[in-house]
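*Asks:* Protein chains in written order, with my numbering: chain G, 1 to 444; chain P, 445 to 888. Glycine included, each C-beta is placed from N, C-alpha and C at the ideal position.
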């Protein structure tokens, strides 16, 4: 902050304009993560006519603004019943300041039971401002000092790098594999961290259709991961925004398999509910104690952090999600029948389209996820931000350089392709343009 | 985290239950602030029949759930007009992921112009999850390392202690006075901080009807405060949740007087809009630069923090507040005509009621704010948590021990009384009980 002399009126207030230097602000603001998010948003704005194989947004085709009053009224009726007709209580619950942990916890617990086979005590849930706040609360609580370290599969969701950055928590990458995570590497990393006098607190994973890889972990990997967490005494942070968009007979969530309170489960309604509600949650049943004995559960501690961060999640927004849950008997799988079909059709179209256009190009390959929003395309050249810029301006198609998920700036030969929000014809056009770009690059 | 051996099935997963110690979690979780919030919430739950002179909630008498669809539909129509009838764009704006800085920024800027005489560039606004997130974003950005220090009038709103705790930012108290702040002490503290090699980044103030004191700063104090901020090169964080609930011909906000970008203005719609929307904002026009030159404004930096914390503020919740603004031509003073009258009548009733009941008791006095939600009552005994507990159980009336606003545990002879959410008869009953309690204590 350096004062800059400026000519101004005589009273002197104008004499010293406030100016700030990025270098005087928190380090997260100059980090590659922060630059990543900025760059990716900004390039989408600069090329509005480009087909975006970059944005991980849910499909908008079924959005209906008339759902809002309908959901609000369903929730209102439900609440009136629960409160024995106390209309003042209903008004207060939806419109006044409210419970820090949220007001739709029982409906969320019922959804978890129905759709995920997770038996949650509603008191162990904290309803949050999207899953990102849930992640922040968890990392803020677990990061006591500079010795506390987070592990995460590399490459990982940009948001986990972002939240870790806000609490100055070191993130140690664990090798990713075709099955999601290299468990030997995980154990080696944990022991290495401990050998350096540091505390490996938790490992962040997206077991179902990961962002960015699209990979779903096998049942065997899940079981081994839980065993390692118990043996090595770390928590698992399970993030599950895409699990419903796949085979319902797939492997259970880590949380459903967890019998030793090793898993903190991070939930999102952005993809299965409505992104505009910004409602997510965290299930944290872990027992916490202090010098006097029990201090409740980790959820109680996360609620304390939340009371200092956002106070509570908008009960109006919660009522919208509550109403959507009520409209479908608390099953989000049922609420998303059309969406699930759309995402699966898009995935098939992507895989077929890539095969048709790029199947014969040497050095080009891709993985074939069984659900979710994303896949990874490997190309025979480093696909970084400069090349994305070139591709956007010349070929009018966007994708995400995978280095953003490593929180660094080194281009790698991999790009993330998303297909969740596109119409069939947009996928075809996008792939046409992408294939032309890849072939042109490969010939250079 | 200590593993606890537990008998369980043979596969070993159950062998090591996760358990956590508060001492292994972030320090903010064991701080007096965190304990304060817990204690105050919990005592209100334990004595539901007590009259609460403690809760700082807005009056509920005018709450109407039918306002929600009405506000949503007003905002929807407004947006359709702005987007030239693009219904898909309207749906996307309200229901999809959205702009990090928010979507009602232009309406908020218009409200600031009309009600506060603040001329804000809408691009310098970040719409937040209540004012508490705005405070967190600002402190997170300004706190680079352990040398960065925040100043705040003592006693101060609990939430500023809470947000500072989350970013490990030291808060240095500045002496409060009957005019709000001891400016000589402010200068002395700033220089003392610098002399210790630390950086005084900002001073947090509520110039209008402060929480907890109810004090409104004079125009002269405001001008001197701005001059000091410029001369000593610190920012002022102006928090203004109650400014509208007072004489409209009172002194302007610091921000309206600020010609040197010294003020970061923190706004809340919890009291003037709807608490259940959880919408607030921060106006941060300060220029920021990096090695390459301009890096935009502080608002742009705060948006980066927000993208890692809550991504964006629910556009559905924003649409509710946007609709309320539209319903009243963007004037919240107009929207709150009934509320303003109610709060002023409550204030008068409190002051008269205290005079009638406690005017003759030695050692008992109170201040007489001209608006807002709170006043301070001085009593001839230390009024701490134990005494509150006794008062709640025996006299069925709640108040707030002022030590909570000092973020410590030392009882002082002062209690905060709030009167914002009470009906006239509740005020009378509450004061009857409080007067009995004070007289009984004073005779002991």
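#1: So what does residue 636/P bridge to, in DSSP terms?
#2: When you compare only the Cα positions, how much space is there between residue 464/P and residue 256/G?
#3: Going along chain G in order, which residues have a C-beta closer than 9 Å to the C-beta of residue 705/P?
#4: Report the rounded CA-to-CA distance for residue 882/P versus residue 495/P, giving the unit in angstroms.
#5: Give the single residue among 120/G, 69/G and 22/G whose Cα lies nearest to the Cα of residue 520/P.
#6: If I measure Cβ to Cβ from residue 478/P and keep anything under 7 Å in the same chain, skipping five residues before and after, which residues do I get?
#7: According to the neighbour-count rule (16 or more other Cβ atoms, all chains shown, within 10 Å of its Cβ), is residue 489/P buried or exposed?
#8: Restricting to Cα atoms, I'd like to know which of 189/G, 270/G and 146/G is closest to residue 540/P.
#9: Spatial neighbours of residue 117/G within its chain, please: C-beta separation below 7 Å, excluding the five flanking residues on both sides.
#10: State the Cα-Cα distance for the pair residue 421/G and residue 56/G, rounded to the nearest angstrom.
#11: Would you decide whether residue 812/P is buried or exposed? Buried here means 16 or more other CB atoms lie within 10 Å of its CB.
#12: Reducing DSSP to helix, strand and coil, say where residue 626/P ends up.
#13: According to a CB-to-CB cut-off of less than 7 Å, which residues of the segment 722 to 733 of chain P neighbour chain G?
#14: Using a threshold of 7 Å, state whether the C-beta atoms of residue 282/G and residue 574/P are closer than that.
#15: Examine chain G for any beta-carbon lying closer than 7 Å to the beta-carbon of residue 577/P, and answer yes or no.
#16: Using a Cβ cut-off of 7 Å, pull out every chain P residue sitting near residue 397/G, in sequence order please.
#17: How far does the alpha helix (DSSP H) with residue 489/G in it extend, from its first residue to its last?
#18: Taking 7 Å as the CB-CB limit, is residue 415/G close to chain P?
#19: Counting only the same chain and skipping the five closest in sequence on each side, list residues whose C-beta sits under 6 Å from that of residue 475/P.
#20: Would you please verify whether the beta carbon of residue 446/G is less than 7 Å from any beta carbon of chain P?
#21: Taking the CB atoms as reference points, tell me whether residue 753/P and residue 136/G lie closer together than 7 Å.
#22: The ligand FAD and residue 205/G: does the residue's C-beta get closer than 6 Å to at least one heavy atom of that ligand?
#23: Reducing DSSP to helix, strand and coil, say where residue 740/P ends up.
#24: Can you give the Cα-Cα distance for residue 664/P and residue 867/P, rounded to whole angstroms?
#25: By the criterion of Cβ-Cβ separation under 7 Å, what are the contact partners of residue 315/G in chain P?
#26: With respect to the beta strand (DSSP E) encompassing residue 289/G, which residues constitute its N-terminal and C-terminal limits?
#27: For residue 872/P, collect the residues of the same chain with a Cβ closer than 7 Å to its Cβ; drop the 5 residues on either side in sequence, then sort them by chain order.
#28: Within the 7 Å Cβ cut-off, does residue 503/P reach chain G?
#29: Less than 8 Å between the CB atoms is what I'm expecting for residue 544/P and residue 747/P, so what's the real figure, rounded?
#30: Tell me the residue span of the alpha helix (DSSP H) that contains residue 259/G.
#31: Which same chain residues, not among the five before or five after residue 396/G, have their C-beta less than 8 Å away from its C-beta?
#32: Can you find a CB in chain G that lies within less than 7 Å of the CB of residue 661/P?
#33: Distance cutoff 7 Å, beta carbons only. Does residue 549/P sit that close to anything in chain G?
#34: Please list the partners that residue 584/P has in chain A, where partner means a Cβ-to-Cβ separation under 7 Å.
#35: Under 7 Å, Cβ to Cβ, is there at least one residue of chain P near residue 426/G?
#36: Give me, in chain order, the residues of the same chain whose beta-carbon lies closer than 8 Å to that of residue 823/P; leave out the 5 immediate sequence neighbours on both sides.
*Replies:* Checking against the coordinates, here is how it stands:
#1: Here residue 636/P corresponds to residue number 192 of the second chain, with the count starting at 1. Within the DSSP bridge table, the entry for residue 636/P names no partner.
#2: Against the second chain, residue 464/P aligns to sequence position 20. Against the first chain, residue 256/G aligns to sequence position 256. A straight-line Cα-Cα distance of about 21 Å links residue 464/P and residue 256/G.
#3: Within the second chain, the letter at position 261 stands for residue 705/P. Here the neighbours are 17, 18 and 19.
#4: Here residue 882/P corresponds to residue number 438 of the second chain, with the count starting at 1. Here residue 495/P corresponds to residue number 51 of the second chain, with the count starting at 1. Rounded to whole angstroms, residue 882/P to residue 495/P spans 15 Å at the Cα level.
#5: Locating residue 520/P in the second chain gives position 76, where the first residue counts as 1. Comparing Cα-Cα distances from residue 520/P to each of 120/G, 69/G and 22/G, the minimum goes to 69/G.
#6: In the second chain, counting from the first residue as 1, residue 478/P sits at position 34. Counting only Cβ-Cβ distances below 7 Å, and skipping sequence neighbours, we find 472.
#7: Within the second chain, residue 489/P is the residue found at index 45, counting from 1. Looking at its Cβ environment, which holds fewer than 16 other Cβ atoms inside 10 Å, residue 489/P is exposed.
#8: Counting from one through the second chain, the residue named residue 540/P turns up at place 96. Taking only the C-alpha atoms, the option nearest residue 540/P is 270/G.
#9: On the first chain, position 117 is the one that residue 117/G refers to. Excluding residues within five positions, the ones whose Cβ falls inside 7 Å are 252 and 256.
#10: Counting from one through the first chain, the residue named residue 421/G turns up at place 421. Counting from one through the first chain, the residue named residue 56/G turns up at place 56. Whole-angstrom Cα-Cα distance: 7 Å.
#11: Here residue 812/P corresponds to residue number 368 of the second chain, with the count starting at 1. Classified as exposed, residue 812/P has fewer than 16 neighbouring CB atoms from the shown chains inside 10 Å of its CB.
#12: Within the second chain, numbered from 1, the residue matching residue 626/P stands at position 182. Correct three-state label for residue 626/P: coil.
#13: Cβ contacts with chain G come from 722, 730, 731, 732 and 733.
#14: As a position in the first chain, residue 282/G is number 282, starting the count at 1. As a position in the second chain, residue 574/P is number 130, starting the count at 1. Cβ distance not < 7 Å, so residue 282/G and residue 574/P don't count as in contact.
#15: Along the second chain, read from residue 1 onward, the residue named residue 577/P stands at position 133. Yes, residue 577/P counts as interfacial toward chain G.
#16: In the first chain, the residue the question calls residue 397/G occupies position 397. Within 7 Å Cβ-Cβ: nothing; residue 397/G doesn't reach chain P, min ~20 Å.
#17: Outside the displayed range of chain G (1 to 444) lies residue 489/G, so it cannot be described from this structure.
#18: Translated into positions along the first chain, residue 415/G becomes position 415. It does not; no Cβ of chain P falls within 7 Å.
#19: For this step, residue 475/P is matched to residue 31 along the second chain. Answer for residue 475/P: 609, listed in chain order.
#20: Given that chain G is displayed from residue 1 to residue 444, the structure contains no residue 446/G and the question cannot be resolved.
#21: Indexing the second chain from 1 puts residue 753/P at position 309. Indexing the first chain from 1 puts residue 136/G at position 136. It is a contact, given that the beta carbons lie within the stated cut-off.
#22: Among the components modelled here there is no ligand, and therefore nothing to report on the ligand FAD.
#23: To locate residue 740/P, count along the second chain from 1; it is residue 296. When DSSP states are grouped into helix, strand and coil, residue 740/P belongs to the strand group.
#24: Numbered from its first residue, the second chain carries residue 664/P at position 220. Numbered from its first residue, the second chain carries residue 867/P at position 423. Spanning the two alpha carbons is a distance of roughly 36 Å.
#25: Here residue 315/G refers to the residue found at position 315 of the first chain. Ordered by position in chain P, the residues that pass the 7 Å Cβ test against residue 315/G are 720.
#26: Within the first chain, residue 289/G is the residue found at index 289, counting from 1. Run containing residue 289/G: 287 to 290, per the beta strand (DSSP E) assignment.
#27: Counting from one through the second chain, the residue named residue 872/P turns up at place 428. Excluding sequence neighbours, residue 872/P sits near 797.
#28: As a first step, residue 503/P must be located in the second chain, where it is residue number 59. When Cβ-Cβ separations below 7 Å define contact, residue 503/P makes no contact with chain G.
#29: Mapped onto the second chain, residue 544/P falls at position 100. Mapped onto the second chain, residue 747/P falls at position 303. Indeed they touch by this definition, with Cβ atoms about 5 Å apart.
#30: Looking up residue 259/G in the first chain gives position 259. Segment: none, residue 259/G is in no alpha helix (DSSP H) and carries neither H nor E.
#31: By one-based count along the first chain, residue 396/G stands at place 396. For residue 396/G, where only same-chain residues beyond five positions count, the Cβ hits under 8 Å are 47, 49, 50, 51 and 433.
#32: By 1-based counting over the second chain, the position of residue 661/P is 217. Contacts with chain G at 7 Å (Cβ-Cβ) do not include residue 661/P.
#33: To locate residue 549/P, count along the second chain from 1; it is residue 105. Residue contact with chain G for residue 549/P: absent (no Cβ-Cβ distance below 7 Å to any residue of chain G).
#34: Here chain A cannot be found, since the structure's protein chains are G and P.
#35: Indexing the first chain from 1 puts residue 426/G at position 426. Judged by the 7 Å Cβ criterion, residue 426/G is not in contact with chain P.
#36: On the second chain, position 379 is the one that residue 823/P refers to. Contacts found: 807, 808, 857, 858, 859, 882, 885 and 886.
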